[in-house]
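All remarks here apply to the structure that follows.
2 protein chains.
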Amino acid sequence: MDVLETVRWREGTVRILDQTLLPGREVYRELAAVDEVVDAIRTLAVRGAPAIGVAGALGVALAARTLTGEKVCDHATFLRHLRIEVDRITAARPTAVNLGWACGRVMKRLEDLESSGPFAGAGPAAAGVEALREEALAEAQRILEEDLELSAAMARHGAALLPEEGRVISHCNTGGLATAGGGTALSAVFEATRQGKRIFVHVDETRPLLQGARLTSWELRRAGIPYAVHCDGAAAWLMKTRTIAAVLVGADRIAANGDTANKVGTLSLALAAREYGVPFYVVAPFSSFDLSLPSGCEIPIEERSEEEIRRWGGVAVTPDDAPAWNPAFDVTDARLISAWVTERGVGRPPFSDARMR
Amino acid sequence: MDVLETVRWREGTVRILDQTLLPGREVYRELAAVDEVVDAIRTLAVRGAPAIGVAGALGVALAARTLTGEKVCDHATFLRHLRIEVDRITAARPTAVNLGWACGRVMKRLEDLESSGPFAGAGPAAAGVEALREEALAEAQRILEEDLELSAAMARHGAALLPEEGRVISHCNTGGLATAGGGTALSAVFEATRQGKRIFVHVDETRPLLQGARLTSWELRRAGIPYAVHCDGAAAWLMKTRTIAAVLVGADRIAANGDTANKVGTLSLALAAREYGVPFYVVAPFSSFDLSLPSGCEIPIEERSEEEIRRWGGVAVTPDDAPAWNPAFDVTDARLISAWVTERGVGRPPFSDARMR
C-alpha cells in the first residue's frame, strides 16, 4: 500500500489532500499563501496533530518565500516579520502541541543560523534572506521526513502490543491522514497486518466531524483491513459484550504527568476500557509531550463552532437557534492509560517523562 | 405548557406526531391500518418505550375494527385473528417491554371478557364482536390516560431529587414525545421548573438518530428551559469539568435484578457518572420492569440498519459499502444506577423488585 501524501511541498506551494471532502472525493489542493494554510488547518482540511505540525512547518517555509519588499530589507527585519507569520499559523488550532512545536523548530533554526551561523553579522541582505528561505524549507522537509520515520517506528512498537488475532477500537483518525502519511495509532494496525496478524478494527465514528466514519474507514478500506463503524455511544457496550484486545488512540498534547489531550470522547473510552479490562494505548510521537505543563489541567482545550453540532451536510439536526457546546478535545488522566507508545518505545505507568526521553 | 399529543385516537385512526420530521416540521399523521402503525413504530415516527406502548394498544383497537368477513364469524375466530395482529405489532420493536405489555393487556382484557364475562358462551356473533371492539378501544384509552397519570407521578418523584439550582444531563428523548404526552426522565425537569427550580439541561445529541438534538432540544425550547446540545462523546468531559447534579435517563426494559436496557450510550454515561460522583437516575413507569428476566443478559437488543450510521440527511458519511454495527440499546448494570424512579416512588439499590411493587 502506498504511503498517503497527506501534506507535501510541491512547486512553491503546500499541497494537501483535502480531508473535508473525504470519503466522497479525493481532492488535492495547492496552498500558495499563508492565509490558505491557516484556513486549511482551521477548517480541518488538514488535521491530525502530526499532520498539522508538518503543514505548519511547510507554512513557515511558504511564509518565508512570500515575505517581500521592506519586510526583507535585512535578516533581523525578515525574521521579525516571519515570527508574526509563525504566530498566526500556530494560533490556527490551540490544543495540539505539534503545530507550535514544528513551526517553532523552523523558526529557531533560522534564528540560530542568523545569530551564530554563516549569516551572522552584516552581509548582502538579499542573498542572506534567500539562504534563510532555503533553510526554512529544508528544515520543514526534515520535519516531514522525520514524521514518516516516526510513524514507522510507532508502527513497530505498537504492532508488538497487538495479538496474532483480535479486535481493536479506534477513535478519530490516527492513520496516514493524521500525519505526513504513515500514521500514529492506526499505523500499529497497518504494521501488524503487514506482519500477518489478523486485526479487526471497530471504528468510533467520532462526532461531530466524523473523522472515524469518514477517514479511518476510508483508510482501512484502502488497506483491505476488516472493520465496522459504530456510534461513539456504543463503544462501552462493545467492550462489555465482545473481547477487545486494545483501544488505540492518538494524542494532541501530553502533559508532564502523562495526562493526555485527544479528540473529545477519548476520556469516555478510557473509562469503559478500565471497567472492562481492555488495554488503553496512546500512540503519538514524542513531540506530543509538552513537559512544560505539569498536568492536563493546563492544556488549552479548543471549543469549536456550535454549527458543527447543529447541522450535518447542510441539514439542520436541531432547532436553528439551539445552543450547543462543542469542545474538540478532552483530557484523559494518566492513571487510565495502559501505555504511551512513541517512536522511542513503550512507556508504562506510573508515567515518568525521564523514562520516555 | 400544553401536554404534547404524541399519540391519540382520532375518528377511527391512530393519530401520531411524526417524530422523524422534528424539529423542522410538526406534522400529524392519521394511521388507518395496522400496517401503518407497525411501520410508524419501526421507523420511529412514534418512539419512546411508553409512547410505543400506547401506540401499540391503540393499534390493537384499530386491528379489532379492521378485521372483517370470515375473521369475525364468531368470538373465538375474531380473537384468534386479533392475536395474530397483536403479535405483528409487538414484533415491530423487540427491546422495549412496554409494547408487548400494552398490546398484551388489551388482548387479555378481551380474552377475559370472552371467557368469563358478559360475552361468555354463545350469543349473536356480530353484536359480541362489536362489543369486543369497543372494549379494545376502551382498554387502549385507559392505557393512554394512565400513561399521562404515570408521567405526572414520575415527574413529582423525579423533581424531588433535583436541587433548587443545577445542571442535569439528558440522554435520548424522555419527554412528552417518548410517552402519551407527559414524559419520563425529562418530566422531572419540567416539574422541577414548574416548582421554580432553576435547572439547566445538557442534552446528549444521541447518535445515530439524534433524538436528543432533534427532539429533546425541541421540547426544552418549547418549554422555555435553558439547555445546550453536545456530542455523546463529550458527556464524560462535561461531568469531569462541571458540577452536574444528575444524569436522568429513561428505560426500555428493566430486568428483575435492576439491570436496565436503554438507548445505546447509556452505559457509557453511567460509567462516567460513577467516576465523577454524579447521581444516575433511571425514570420509567413500573411497566418497564420485566420481572420474568433475571438479569440484563436476557434482554433482547435490537440491531438496526447500518444505513442509520452510513448517512445523514441523505449525505453519505462513510464509504458507501462501509460495514457498520448499530445496536439501538445497551444494558447498564444495576450497580451503576443510583435510583429507579417510577410512578410508585424512588427505589434505591440494592435493587429489589419487592420494594418497587
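Each protein sequence line maps, in turn, to chains B and X.
Under numbering that gives the first Met the number 0, residues 0 to 356 are what the first sequence spells out, in order.
Under numbering that gives the first Met the number 0, residues 0 to 356 are what the second sequence spells out, in order.
Ideal Cβ positions, reconstructed from N, Cα and C, are used throughout, including at glycine.
Computed from a prediction, not measured in an experiment: that's the story for all the values here.
Original post:
Looking only at its own chain, which residues have a Cβ that is under 6 Å from the Cβ of Leu136 of chain B, when we skip the five neighbours before and after it?
Top reply: Ala60
Original post:
How big is the Cα-Cα spacing for Lys196 of chain X and Thr183 of chain X?
Top reply: 18 Å
Original post:
Can Glu133 of chain X be considered in contact with the ligand GTP, in the sense that its beta carbon sits closer than 8 Å to one or more heavy atoms?
Top reply: The ligand content of the structure shown is nil, which means the ligand GTP is not present either.
Original post:
If you run the structure through DSSP and keep just helix, strand and coil, what is Val202 of chain B?
Top reply: strand
**OP:** Output yes or no for whether 9 Å exceeds the beta carbon distance between Ala101 of chain B and Val53 of chain B.
**Re:** yes
Original post:
From Ile224 of chain X to Thr331 of chain X, what distance separates their C-alpha atoms?
Top reply: 28 Å
Subject >> Option nearest Asn172 of chain B by Cα separation, candidates B:Trp236, B:Ser115 and B:Ala283 >> reply: B:Ala283
Original post:
Where does the unbroken alpha helix (DSSP H) through Ile88 of chain X begin, and where does it stop?
Top reply: His74 to Thr89
**OP:** Leaving aside the five residues before and after Val128 of chain X along the sequence, list all residues of the same chain whose C-beta is less than 6 Å from its C-beta, in chain order.
**Re:** Val71 and Phe77
Original post:
Apart from the five residues just before and just after Val26 of chain X, which ones in its own chain have a Cβ nearer than 6 Å to its Cβ?
Top reply: Asp17 and Leu20
**OP:** Using a threshold of 9 Å, state whether the C-beta atoms of Glu113 of chain X and Leu131 of chain X are closer than that.
**Re:** yes
**OP:** Taking a Cβ distance cut-off of 7 Å, strictly less, list which residues of the region 293-324 of chain B are near chain X, in chain order.
**Re:** Ile308, Trp311, Gly312, Val314, Ala315, Val316, Thr317, Pro318, Ala321, Pro322, Ala323 and Trp324
Original post:
Whole-angstrom Cβ separation of Val13 of chain B and Ile88 of chain B, contact assumed at under 8 Å?
Top reply: So it is not a contact: roughly 11 Å between Cβ atoms.
Original post:
Name the chain X residues whose beta carbon is nearer than 7 Å to that of Leu364 of chain B?
Top reply: Absent from the structure is residue 364 of chain B, since the part of chain B shown begins at 0 and ends at 356.
Original post:
Which whole-angstrom value describes the C-beta separation of Val167 of chain B and Val188 of chain B, a residue pair presumed to lie in contact below a C-beta threshold of 8 Å?
Top reply: 6 Å
**OP:** Could you tell me the distance, in whole angstroms, from the CA atom of Gly174 of chain B to the CA atom of Asn261 of chain B?
**Re:** 15 Å
Subject >> Short CB-CB distance (under 9 Å) between Thr205 of chain B and chain X >> reply: yes
Original post:
Which value, in whole angstroms, describes the spacing of the CA atoms of Ala139 of chain B and Ala56 of chain B?
Top reply: 5 Å
Original post:
Where does Thr331 of chain X fall in DSSP's three states?
Top reply: strand
Original post:
Short check: CB of Glu84 of chain X to CB of Ala62 of chain X, under 9 Å?
Top reply: yes
Subject >> Residues of the region 230-263 of chain B whose Cβ lies closer than 9 Å to any Cβ of chain X, in chain order >> reply: Cys230, Asp231, Gly232, Ala233, Ala234, Ala235, Trp236, Leu237, Lys239, Thr240, Lys262 and Val263
Original post:
How do the region 242-251 of chain B and the region 306-317 of chain B stand: do at least 3 beta-carbon pairs fall below 8 Å, yes or no?
Top reply: no
**OP:** Using a cut-off of 7 Å between C-beta atoms, extract the partners of Pro326 of chain X located in chain B.
**Re:** Ala233 and Trp236
Original post:
Where do the ends of the beta strand (DSSP E) carrying Val340 of chain X lie?
Top reply: Ala338 to Thr341
Subject >> Range of the contiguous beta strand (DSSP E) that encloses Arg14 of chain X >> reply: Thr12 to Leu16
Original post:
Between Val228 of chain B and chain X, is there a C-beta pair that is closer than 9 Å?
Top reply: yes
**OP:** Compare the C-beta of Ala44 of chain B against all C-beta atoms of chain X and say whether one is closer than 9 Å.
**Re:** no
Subject >> Every unbroken beta strand (DSSP E) inside the region 130-200 of chain X [3 residues or more] >> reply: 164-169
Original post:
What residues in the region 207-218 of chain B have a beta carbon less than 8 Å from any beta carbon of chain X?
Top reply: Pro207, Leu209, Ala212, Arg213, Ser216 and Trp217
Original post:
In its own chain, which residues sit with a C-beta less than 8 Å from the C-beta of Glu297 of chain X, not counting the 5 before and 5 after it?
Top reply: Ala254
Original post:
With 16 as the cutoff for other CB atoms within 10 Å, does Gly11 of chain X come out buried or exposed?
Top reply: exposed
Original post:
How would you label Pro207 of chain B, buried or exposed, when you count the other beta carbons within 10 angstroms and need 16 or more for buried?
Top reply: buried
Subject >> Inter-residue Cα distance where the pair is Val263 of chain X and Ala75 of chain B >> reply: 59 Å
Subject >> Separation of Leu185 of chain B from Asp1 of chain B, as counted between CA atoms >> reply: 15 Å
**OP:** Return the CA-CA distance between Asn325 of chain X and Leu66 of chain X, expressed in angstroms with no decimal places.
**Re:** 36 Å
Original post:
Excluding five sequence neighbours on each side, which residues of the same chain lie with their C-beta closer than 6 Å to the C-beta of Phe279 of chain X?
Top reply: Val246, Ala269, Ala272, Ile336 and Ser337
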